[in-house]
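**Student:** Each step along the first sequence adds one to the number in our numbering, with nothing skipped, and position 420 is 420.
Don't be surprised by glycine CBs; every beta carbon is placed ideally from N, CA and C.
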Amino acid sequence: MIQRFTKGLLPTVKETPADATNASHKLLLRGGFVRQVGAGIYNFLPLGLRVLRKIENVVRQEMDRSGAQEVLMPALLPADYFRETGRWDLYGDVLLRIKDRKGGDYHLGPTHEEIVTDMVRREVKSYRQLPLNLYQIQTKFRDEPRPRGGIMRGREFTMKDAYSFDVDEAGAVTSYETMREAYKRIFTRLGLTFRIVQADSGAIGGKTSAEFQILADSGEDAIVACTHCDYAANVEAAEVAAPVAAAPPATLEAITKVHTPGKGGIADVAAFLKRGADQFVKSLLYVVVKAGPGAEKTTEVVMACVRGDHEVNEIKLQNALGALEVHLASEADVWKATSAKVGYAGPVGFAGKVVVDRHAAVIVDAVTGANETDHHVTGVNFSRGDYQAVIADLRQAAEGDDCPKCGTKGGFKAYKGIEGGHIFILGTHYSSKMKCHFVDEKGAEKPIVMGCYGIGVSRLVASAVEQHHDADGIRWPMAIAPYHVYLCTLANDEATTAAGQALASALEAQGVDVLWDDRDERPGVKFKDADLIGCPIRVTIGKKTLDQQACELKLRNPAPGTDPKAFELVPLADAATRIAGLVRG
RNA sequence: CGGGGCGUAGCGCAGCCUGGUAGCGCACUCGGUUCGGGACCGAGGAGUCGGAGGUUCAAAUCCUCUCGCCCCGACCA
Numbered sequence: 001m002i003q004r005f006t007k008g009l010l011p012t013v014k015e016t017p018a019d020a021t022n023a024s025h026k027l028l029l030r031g032g033f034v035r036q037v038g039a040g041i042y043n044f045l046p047l048g049l050r051v052l053r054k055i056e057n058v059v060r061q062e063m064d065r066s067g068a069q070e071v072l073m074p075a076l077l078p079a080d081y082f083r084e085t086g087r088w089d090l091y092g093d094v095l096l097r098i099k100d101r102k103g104g105d106y107h108l109g110p111t112h113e114e115i116v117t118d119m120v121r122r123e124v125k126s127y128r129q130l131p132l133n134l135y136q137i138q139t140k141f142r143d144e145p146r147p148r149g150g151i152m153r154g155r156e157f158t159m160k161d162a163y164s165f166d167v168d169e170a171g172a173v174t175s176y177e178t179m180r181e182a183y184k185r186i187f188t189r190l191g192l193t194f195r196i197v198q199a200d201s202g203a204i205g206g207k208t209s210a211e212f213q214i215l216a217d218s219g220e221d222a223i224v225a226c227t228h229c230d231y232a233a234n235v236e237a238a239e240v241a242a243p244v245a246a247a248p249p250a251t252l253e254a255i256t257k258v259h260t261p262g263k264g265g266i267a268d269v270a271a272f273l274k275r276g277a278d279q280f281v282k283s284l285l286y287v288v289v290k291a292g293p294g295a296e297k298t299t300e301v302v303m304a305c306v307r308g309d310h311e312v313n314e315i316k317l318q319n320a321l322g323a324l325e326v327h328l329a330s331e332a333d334v335w336k337a338t339s340a341k342v343g344y345a346g347p348v349g350f351a352g353k354v355v356v357d358r359h360a361a362v363i364v365d366a367v368t369g370a371n372e373t374d375h376h377v378t379g380v381n382f383s384r385g386d387y388q389a390v391i392a393d394l395r396q397a398a399e400g401d402d403c404p405k406c407g408t409k410g411g412f413k414a415y416k417g418i419e420g421g422h423i424f425i426l427g428t429h430y431s432s433k434m435k436c437h438f439v440d441e442k443g444a445e446k447p448i449v450m451g452c453y454g455i456g457v458s459r460l461v462a463s464a465v466e467q468h469h470d471a472d473g474i475r476w477p478m479a480i481a482p483y484h485v486y487l488c489t490l491a492n493d494e495a496t497t498a499a500g501q502a503l504a505s506a507l508e509a510q511g512v513d514v515l516w517d518d519r520d521e522r523p524g525v526k527f528k529d530a531d532l533i534g535c536p537i538r539v540t541i542g543k544k545t546l547d548q549q550a551c552e553l554k555l556r557n558p559a560p561g562t563d564p565k566a567f568e569l570v571p572l573a574d575a576a577t578r579i580a581g582l583v584r585g
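Structure below.
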């Protein structure tokens with residue numbers, strides 16, 4: 001299609017809006033792709049919508065290709081469905097609740113497990129109707145505690161969510177693998193650099209899950225990936241290779257109390273005692289909340305120990321303890337538990353439960369807090385039984401750690417990622433609760449085994465910009481560019497306009513989308529906007545090129561090593577075919 | 001929810017401390033000169049100073065309350 005600049009709403013701005021912090025937010029605002037309506041709520045202007053639709057179409061094609069069927073569920077939902085699975089209460093403030101005129105409880109859908117499950121239980125009765133995979137591309141609502149980054153994390157956003165239904169676990173695994181492959185094709189076609197990453201499944205349940213992380217420095221998620229094998233994981237979930245036990249030395253130091261006045265932090269004590277941080281056992285006190293025997297919750301203060309130069313991964317701690325939640329104890333709680341100021345806790349002589357990370361447990365002659373203000377103890381050895389503790393993998397993975405899969409020393413490299421997709425095997429969590437059953441070939445009634453698969457479609461718009469931009473603006477990958485070609489006609493005389501119209505029409509005939517800058521503006525203004533909006537191909541027709549019956553062809557993202565200012569003079573007669581070739585890749 | 005910041009013209013900001021005619025740049029309108037990387041000159045239009053209440057002869061400015069937005073931390077596509 002052809003869009004004339006003067007006939008549309010294409011409001012580019014020179015100045016960066018003050019609210020925007022990351023590159024994608026700034027550029028999407030400046031380029032006239034989106035505008036804010038409220039916190040985490042955005043208008044998609046024509047350019048932004050075109051990008052969104054192009055992404056949707058790629059997603060739709062690959063979902064259909066993988067055998068999934070598109071449906072559309074309501075965004076406005078009666079509370080009953082979430083009540084069936086308990087999520088009406090569990091979801092908390094993120095659920096955007098509404099009352100209708102009769103006072104009935106409703107909410108706007110943050111995700112649709114319950115609704116599809118209901119849809120399927122009404123219609124599916126037999127194993128003969130399975131497997132199924134249903135998806136939708138739809139607006140979701142989550143009252144995020146903190147929306148940020150423009151459309152990166154909105155309270156209203158477009159998501160593709162798919163749900164698979166299988167007769168058994170093996171079938172669910174097959175569905176999951178099919179989606180994993182479909183997702184790979186989608187992210188690849190969209191021109192995104194990504195890693196498939198092991199993730200914590202969270203409270204949704206289900207042990208198998210993977211995140212599709214789009215690599216970007218501005219990403220909110222920290223991930224680690226092995227440089228030698230395909231192991232990659234969100235740091236929340238990343239395993240760390242177990243330490244190799246060194247041969248125990250012939251003699252161990254005796255436990256000795258030392259005076260360390262005012263040296264609460266690891267760095268301070270390490271410097272004071274002239275010992276490396278890796279010789280310390282860092283002891284943190286956590287309030288651990290567990291489900292009691294009934295509906296009530298119980299809390300307990302637990303000491304978590306990691307090596308001085310390591311960090312505690314609270315999700316691992318939570319999982320290791322089978323807890324509902326864990327959070328750092330307050331100063332008062334620390335006093336109560338250790339009779340000392342914060343900074344002097346240690347496992348030796350500690351009355352409560354202690355969990356120690358594997359890497360902290362193997363330290364020979366370690367230093368720890370003495371549970372007495374301004375004192376530490378040295379010569380602590382877990383191997384000798386100096387303290388009692390449960391050993392677990394507690395530490396946060398970091399760059400330079402050993403790979404747990406292939407064992408490569410220092411194999412972990414750290415990245416930042418944007419969670420673009422997440423795939424889960426749900427099992428029968430929802431189908432059991434909602435009695436979504438089928439009858440198998442032997443006549444037995446069983447819950448359907450489910451999986452769910454999300455892609456943050458509107459988030460991908462921003463993610464693509466994070467990966468593809470420079471100081472001048474966006475550099476859209478061809479597959480999702482709002483228009484393939486930015487056509488600049490530098491004069492508004494009859495000859496130039498006619499040449500522009502002829503080229504635009506010829507391109508349109510070949511299926512190329514053209515944004516024609518026909519404004520009465522100086523060339524500099526047009527070039528700046530062309531760079532900002534970021535169409536992959538810029539074509540310029542001016543008096544100089546017209547004299548040669550030619551146009552100028554310039555790529556927004558030229559091959560590395562080529563002069564970024566270079567352009568090619570192409571005869572007008574050949575231009576459309578030439579450009580269409582570039583568009584098709 | 002904890003902490004920090006900001007609401008003044010469409011956008012970016014100054015003015016507030018020390019109350020007294022609301023200002024600058026960009027954008028916009030008109031006229032002219034320009035015309036290959038965000039031109040220049042001249043003239044103009046545009047603001048309930050987020051809202052409510054209070055103090056005062058007088059409030060953008062001081063006080064109280066309120067709404068909105070942004071940023072940093074715990075949650076998630």
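Taking its Cβ as the centre, do 16 or more other Cβ atoms sit within 10 Å of Glu-114, making it buried, or is it exposed?
**Tutor:** As a position in the first sequence, residue 114 is number 114, starting the count at 1. The residue in question, Glu-114, is buried, as its Cβ has 16 or more Cβ neighbours within 10 Å.
**Student:** Could you tell me whether the Cβ atoms of Val-269 and Val-287 are closer together than 7 Å?
**Tutor:** Taking the first residue of the first sequence as position 1, residue 269 is located at position 269. Taking the first residue of the first sequence as position 1, residue 287 is located at position 287. No. Outside cutoff.
**Student:** Out of Ala-360, Val-354 and Val-58, state which residue places its alpha-carbon closest to the alpha-carbon of His-310.
**Tutor:** On the first sequence, position 310 is the one that residue 310 refers to. Here the closest residue by C-alpha is Ala-360.
**Student:** Quick one: using the 10 Å Cβ neighbour count with 16 as the cut-off for buried, is Val-244 buried or exposed?
**Tutor:** Position 244 of the first sequence, counted from the first residue, corresponds to residue 244. Under this definition Val-244 is an exposed residue.
**Student:** Pull up the distance between the alpha-carbon of Ile-448 and that of Arg-395, whole angstroms please.
**Tutor:** The sequence position of residue 448 within the first sequence is 448, counting from 1. The sequence position of residue 395 within the first sequence is 395, counting from 1. In a straight line, the C-alpha of Ile-448 is about 37 Å away from that of Arg-395.
**Student:** Is Gly-407 buried or exposed, if buried means 16 or more other CB atoms sit within 10 Å of its CB?
**Tutor:** One-based indexing of the first sequence puts residue 407 at position 407. Its Cβ having fewer than 16 others within 10 Å, Gly-407 is exposed.
**Student:** Using 8 Å as the Cβ pair cut-off and three pairs as the minimum, do the segment 133-142 and the segment 7-15 touch?
**Tutor:** The segment 133-142 is not in contact with the segment 7-15.
**Student:** Using a 10 Å radius around the Cβ and a threshold of 16 neighbouring Cβ atoms, would you call Arg-122 buried or exposed?
**Tutor:** Looking up residue 122 in the first sequence gives position 122. Exposed, since its Cβ has fewer than 16 Cβ neighbours within 10 Å.
**Student:** Helix, strand or coil: how does DSSP classify Gly-92 here?
**Tutor:** Taking the first residue of the first sequence as 1, we reach residue 92 at position 92. Of the three classes helix, strand and coil, the one that applies to Gly-92 here is helix, per DSSP.
**Student:** Go ahead and label Glu-494 buried or exposed: buried means 16 or more other beta carbons lie within 10 angstroms of its beta carbon, across all protein chains shown.
**Tutor:** Taking the first sequence and counting its residues from 1, one reaches residue 494 at position 494. So Glu-494 counts as exposed.
**Student:** What ranges does the alpha helix (DSSP H) occupy inside the segment 445-474, keeping only unbroken runs of at least 4 residues that lie completely in it?
**Tutor:** As far as the segment 445-474 is concerned, its whole alpha helix (DSSP H) runs of at least 4 residues are 457-467.
**Student:** Count the other CB atoms within 10 Å of the CB of Lys-409; is the residue buried (16 or more) or exposed (fewer)?
**Tutor:** Along the first sequence, read from residue 1 onward, the residue named residue 409 stands at position 409. Flag for Lys-409 reads exposed.
**Student:** Going by DSSP, what residues sit across from Arg-148 in a beta bridge?
**Tutor:** The residue labelled residue 148 in the question sits at position 148 within the first sequence. Answer is Arg-153.
**Student:** Taking the continuous beta strand (DSSP E) assigned at Glu-568, which residues delimit it?
**Tutor:** Position 568 of the first sequence, counting from 1, holds the residue named residue 568. From DSSP, the beta strand (DSSP E) with Glu-568 extends over 568-571.
**Student:** Candidates Pro-78, Gly-443 and Gly-86: which alpha carbon is nearest Lys-102's?
**Tutor:** To locate residue 102, count along the first sequence from 1; it is residue 102. Ranking the options by Cα distance to Lys-102, first place goes to Pro-78.
**Student:** Check whether the Cβ atoms of His-375 and Lys-290 sit closer than 7 Å, and answer yes or no.
**Tutor:** Along the first sequence, read from residue 1 onward, the residue named residue 375 stands at position 375. Along the first sequence, read from residue 1 onward, the residue named residue 290 stands at position 290. No, the Cβ-Cβ distance between His-375 and Lys-290 is not below 7 Å.
**Student:** For Glu-211 versus Pro-404, is the C-beta distance shorter than 7 Å?
**Tutor:** The residue you call residue 211 lines up with position 211 of the first sequence. The residue you call residue 404 lines up with position 404 of the first sequence. Against a cut-off of 7 Å, the Cβ pair of Pro-404 and Glu-211 comes out as no contact.
**Student:** So, at 6 Å on beta carbons, what are the nonlocal neighbours of Gly-48 in its own chain, with the 5 sequence-adjacent residues on each side left out?
**Tutor:** Start at 1 with the first residue of the first sequence, and residue 48 comes out as number 48. The residues are Phe-33 and Val-34.
**Student:** Do the CB positions of Gly-346 and Thr-368 come within less than 7 Å of each other?
**Tutor:** If you number the first sequence from 1, residue 346 lands on position 346. If you number the first sequence from 1, residue 368 lands on position 368. Going by C-beta atoms, Gly-346 is nearer than 7 Å to Thr-368.
**Student:** Here's the rule: buried if 16 or more other CB atoms are within 10 angstroms of the residue's CB, otherwise exposed. What is Pro-145?
**Tutor:** If you number the first sequence from 1, residue 145 lands on position 145. That one is exposed.
**Student:** Between Lys-341, Ile-214, Lys-282 and Ile-315, which has its C-alpha nearest Gly-262's C-alpha?
**Tutor:** For this step, residue 262 is matched to residue 262 along the first sequence. For the residues Lys-341, Ile-214, Lys-282 and Ile-315, the minimum Cα distance to Gly-262 belongs to Lys-341.
**Student:** Within the continuous beta strand (DSSP E) that includes Asn-234, where are the two ends?
**Tutor:** Residue 234 sits at position 234 when you count from the first residue of the first sequence. First-last of the beta strand (DSSP E) with Asn-234: 232-234.
**Student:** Judging by CA-CA distance, which residue of Asp-118, Gly-92, Gly-154 and Pro-110 is the nearest neighbour of Gln-36?
**Tutor:** The residue you call residue 36 lines up with position 36 of the first sequence. Ranking Asp-118, Gly-92, Gly-154 and Pro-110 by Cα distance to Gln-36 puts Gly-154 first.
**Student:** Buried or exposed: which applies to Glu-331, given that a residue is buried once 16 or more other Cβ atoms fall within 10 Å of its Cβ?
**Tutor:** Taking the first sequence and counting its residues from 1, one reaches residue 331 at position 331. The residue is exposed, with fewer than 16 neighbouring Cβ atoms inside 10 Å.
**Student:** How many Å lie between Val-539 and Val-485 at the Cα?
**Tutor:** Taking the first sequence and counting its residues from 1, the one referred to as residue 539 is at position 539. Taking the first sequence and counting its residues from 1, the one referred to as residue 485 is at position 485. Cα to Cα, the separation comes out at about 7 Å.
**Student:** Determine the contact status of Ile-98 and Gly-420, defining contact as a CB-CB distance below 7 Å.
**Tutor:** Along the first sequence, read from residue 1 onward, the residue named residue 98 stands at position 98. Along the first sequence, read from residue 1 onward, the residue named residue 420 stands at position 420. In this structure, Gly-420 does not lie closer than 7 Å to Ile-98 by Cβ.
**Student:** Verify whether the separation of the beta carbon atoms of Ala-414 and Glu-399 is less than 7 Å.
**Tutor:** Reading the first sequence from its first residue, position 414 is the one you call residue 414. Reading the first sequence from its first residue, position 399 is the one you call residue 399. Yes; because the gap between Cβ atoms is below 7 Å, this pair is in contact.
**Student:** Can you check DSSP and say which residues form a bridge with Arg-35?
**Tutor:** Here residue 35 refers to the residue found at position 35 when the first sequence is read from its first residue. Looking at the DSSP assignment, Arg-35 forms a beta bridge with Asn-43.
**Student:** Alpha carbon to alpha carbon, how far is Gly-500 from Leu-487?
**Tutor:** Here residue 500 refers to the residue found at position 500 of the first sequence. Here residue 487 refers to the residue found at position 487 of the first sequence. Between Gly-500 and Leu-487, the C-alpha separation is close to 8 Å.
**Student:** Determine the extent of the alpha helix (DSSP H) in which Asp-357 is found, giving its start and end residues.
**Tutor:** One-based indexing of the first sequence puts residue 357 at position 357. Unbroken run through Asp-357 is the beta strand (DSSP E), 353-357; no alpha helix (DSSP H).
**Student:** Given Arg-189, which residues of its chain have a CB within under 8 Å of its CB, disregarding the five upstream and five downstream residues?
**Tutor:** Numbered from 1 along the first sequence, position 189 holds the residue referred to as residue 189. Contacts found: Val-58, Glu-62 and Ala-479.
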